[in-house]
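Numbering (the working numbering), first residue to last: -2 to 302.
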């Protein structure tokens, strides 16, 4: 069913997936970018092409099969939600997640609550688990354990070798340097002042970038006393897989961590380490069944305990 709640005066829209005789309720939070409640992204502000990753939708469906009700929602300015995506920073995204959790708690009083995040959503899931006593456990899918700027530096180094051959050839012929160009763009965003600026001729959510680059999730992980499940693909090119172990060393509560085979950041197989260049082809497959099984088994285990 459709769900609506207010966050700092902005109407946020989402989907509440109710189940018969729920044993818990989970807030499922998307990653970065122009994502709707299902983690699908429209390429370009009004472009006709939609990248249907379906990560949060498929996780919610798996939890529903385990008798866990779920809430997922469109980001500000995306889908049916109000607000302006380009002017929303990491701060507003966290506020929306907190408002969603409190709406869910009011809807299911007395039920254990879980936070489930993917990518950027893991930062919000972790902050809520650290600060909100009503959170009984948190799931972190593709979670980094370093600052945003450190993540971007790691991504640039990891992605440079995966550029398609025609792109590498064009860069070589034009005398460009991919790594240097990307670092210059990051520096431009970091030094910016307005909420929105143009980078390479495209309007960018500069405020979000500044907050993202400066954010460090480590203090939040170190305050989580509830059970934590962390899963990252072994071939993730956007988050260092080694960060799963780092999270395990930081959290205070029971920890279950997994680095899974050749899975990408979108939790699909990526045996050739193509990264984002291979996402469209990879999305022909659903989210890894192993990931979904781990999430549902973990939830059943902590709820039973």
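Note that the Cβ used here is the ideal one computed from N, Cα and C, for glycine as well.
Inset, instruction - Quick one: give me the first and last residue of the alpha helix (DSSP H) that residue -1 is part of. - result: Following the DSSP letters along the chain, one finds residue -1 in no alpha helix (DSSP H) but inside the beta strand (DSSP E) bounded by residues -1 to 4.
Inset, instruction - Look up residue 66 in the DSSP assignment and say whether it is helix, strand or coil. - result: In the structure shown, residue 66 sits in a strand (DSSP, three-state: E or B).
Legend entry - Reference residue 157, options 114, 33 and 273, closest by Cα: Taking the Cα of residue 157 as reference, the smallest distance to any Cα among 114, 33 and 273 is reached at 273.
Inset, instruction - Let me know the secondary structure DSSP gives residue 153 once reduced to three states. - result: Assigned with DSSP and collapsed to three states, residue 153 falls in helix.
Inset, instruction - Give, in chain order, every unbroken run of the beta strand (DSSP E) that is at least 3 residues long and sits entirely within the stretch 11 to 56. - result: The stretch 11 to 56 contains these whole beta strand (DSSP E) runs: 21 to 26, 37 to 39 and 47 to 49.
Inset, instruction - To the nearest angstrom, report how far apart residue 38 and residue 120 are at their CA atoms. - result: Distance between the alpha carbons of residue 38 and residue 120: 20 Å.
Inset, instruction - Quick one: using the 10 Å Cβ neighbour count with 16 as the cut-off for buried, is residue 25 buried or exposed? - result: Burial of residue 25 is indicated by the presence of at least 16 other C-beta atoms within 10 angstroms of its C-beta.
Legend entry - Test item: CB-CB of residue 57 and residue 67 under 8 Å: Taking 8 Å as the Cβ cut-off, residue 57 and residue 67 qualify as a contacting pair.
Legend entry - Span of the alpha helix (DSSP H) around residue 244: That run of the alpha helix (DSSP H) goes 240 to 247.
Legend entry - Near the ligand GTP: residue 206 beta-carbon under 7 Å from a heavy atom: This structure lacks the ligand GTP; in fact it carries no ligand of any kind.
Inset, instruction - Work out the CA separation of residue 299 and residue 82 for me, nearest whole Å. - result: The alpha-carbon atoms of residue 82 and residue 299 are separated by roughly 36 Å.
Legend entry - residue 85 classed as buried or exposed, judged by whether at least 16 other C-beta atoms fall within 10 angstroms: Buried is the label assigned to residue 85, since at least 16 other Cβ atoms lie within 10 Å of its Cβ.
Inset, instruction - Between the Cα of residue 249 and those of 278, 216, 240 and 271, spot the shortest distance and give me the residue it belongs to. - result: Taking only the C-alpha atoms, the option nearest residue 249 is 216.
Inset, instruction - Quick one: grab the DSSP three-state call for residue 200. - result: The answer is strand: DSSP assigns residue 200 an E or B state.
Legend entry - Per-residue DSSP class, three states only, for residue 284: DSSP places residue 284 in coil when its eight states are reduced to three.
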